[in-house]
Amino acid sequence: MTYPGMDRRHFLYSAAAGVGLAAALQGAASQAESASAKNAYHRWIHGLGGDDPAATAAEMKACGFERVVANGEAAIEAINGAGMEAWMCGGGFSLIRNEDALRSRDIFGQPQDWFGSGSPCCDEIREASLESYRKMAQTPGVKGILVDGVRFASPASGLLPFLTDFSGHAERRARELDMDFALMKRDVTKLHDLLTDSGLADAAVRFGSAAPTALLEELGRLPGLLEWLRFRRVCTTAHFRALSEIIHGAGLRMGVYIFTPCLAPLVGQSYEDLKSFVDVFAPMIYRNYPDHPGPACLNWELAELPDVLGVSGTAGEKAVMEAVLNLTGFAGLMDAPSVEAVKKALPPQAVALETRRARALIGDEKELAPIIYIDDPLMAETAAGVRAAGADGVNFFVYKDQWKEMTAPALH
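Each position in the sequence shown, counted from 1, maps to that position plus 85 in the working numbering.
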């Protein structure tokens, strides 16, 4: 249904604006609290374990932690009992049934698995996601909810999973948004052909060493690629807004586990779109996560596609990896970049850079608490970089039995 004289696109934009206004009003108190919360540097940890959650929580409190992200009645009770804030974490577009009809599709029409998710454009999956947050928001003793996984597939999931969603769900959604689905598919297919072509090293040098203006010219030859990224962004932002209504409507604060600034546009996450209604931004800046596939982890996100495309050990490996680092804003951070070196870890400076970029994107008024990998041999340097780059706190992923020893260099 639309109003006379208003086309579908303008109707959808107007409706979205109305939803945003309602969410802003509902979240006003929460946003005011966000401003006051910025007066201190907050220490978070994701997860609460051990045989005695109450004892663990008390020890965390004694070490200076203030906020713990954990689900479950016993954990929440233990966190509150220790005088800390309990936050919960919800997922994104979970594959609710093992059916190909619910999955994302690649450019060849094949179903793809990524991060346990289905198509972000599937109405049934989206509604199941919203319902899970409606239930979560009724949990007593919770200060806020962190939203995770509201996105499209990333490079770390593999080339074809990344180059989704071209399902019937997505085609219908594109039609509703008056976006050119055929153009998107055409140019994402061209991107696939470019990446899989034997001349990948030459292409990497051309793109990776280009000045920003020259890169714009290159992208101008693939308008469907830009449309595809915009489509991802519009769909993802709409779901975040719907979750904001639920979370803020329950009187809770809303946080987001979001991809870092250099990666977020690839998966449809926009700091610019979200800053009007999200209270806490927690960029996932994992520089040395050890386990494959490592979605959202800088080391895996930057190394996975070159790895699966057979770059490792070739004459063009250095050129490709330098191009990857250039395109993501990390030029010069590694002396001899290789697939294996990037896969192992990026330097702590990368974490500081992404923190600084996140702060620039959201402004000074929003709370910024990056989440970093807890088992970091350079923890003191990594954590110091986060704080110096303008963060309001730091979060650690994920609880391990040795959490106290692992986080100590960051707390003192």
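Quick reminder that beta carbons are idealized off the backbone N, C-alpha and C, glycines included.
{"Asked": "Beta bridge counterpart(s) of residue 458 as assigned by DSSP", "Found": "482"}
{"Asked": "Proximal residues to residue 248 (C-beta, below 6 Å), its chain only, five neighbours per side dropped", "Found": "191, 192, 273 and 277"}
{"Asked": "Distance CB(residue 161)-CB(residue 142) smaller than 7 Å", "Found": "no"}
{"Asked": "Close-in-space but distant-in-sequence residues of the same chain around residue 221 (CB under 7 Å, 5 per side omitted)", "Found": "173, 175 and 230"}
{"Asked": "Among 251, 261 and 286, nearest to residue 309 - alpha-carbon criterion", "Found": "251"}
{"Asked": "Three-state class that DSSP yields for residue 191 in the structure shown", "Found": "strand"}
{"Asked": "Residue 224 (DSSP reduced to helix, strand or coil)", "Found": "coil"}
{"Asked": "Rounded C-alpha distance that separates residue 132 from residue 376", "Found": "18 Å"}
{"Asked": "Same chain, Cβ closer than 6 Å to residue 504, neighbours up to 5 away in sequence not counted", "Found": "Past the boundaries of the shown model lies residue 504; the chain is included only from 86 to 497, so the question cannot be answered."}
{"Asked": "Coarse secondary structure for residue 326, derived from DSSP in three states", "Found": "helix"}
{"Asked": "Strand pairing of residue 371, partner residues [DSSP]", "Found": "382"}
{"Asked": "Cut-off 7 Å between Cβ atoms - residues of its own chain near residue 425, not counting five sequence neighbours on either side", "Found": "397"}
{"Asked": "Distance CB(residue 413)-CB(residue 347) smaller than 7 Å", "Found": "yes"}
{"Asked": "Identity of the residue in 361, 372, 354 and 146 nearest residue 449 by Cα", "Found": "361"}
{"Asked": "Coarse secondary structure for residue 294, derived from DSSP in three states", "Found": "coil"}
{"Asked": "Residue burial classification, residue 182 (beta-carbon count within 10 angstroms, cutoff 16)", "Found": "exposed"}
{"Asked": "Residue 343 beta carbon less than 7 Å from that of residue 368", "Found": "yes"}
{"Asked": "Reference residue 262; option with closest CA among 313, 452 and 447", "Found": "313"}
{"Asked": "Under 7 Å between C-beta atoms of residue 432 and residue 241", "Found": "no"}
{"Asked": "Environment of residue 386 [buried if 16+ CB atoms lie within 10 Å]", "Found": "buried"}
{"Asked": "As assigned by DSSP and simplified to three states, the class of residue 130", "Found": "strand"}
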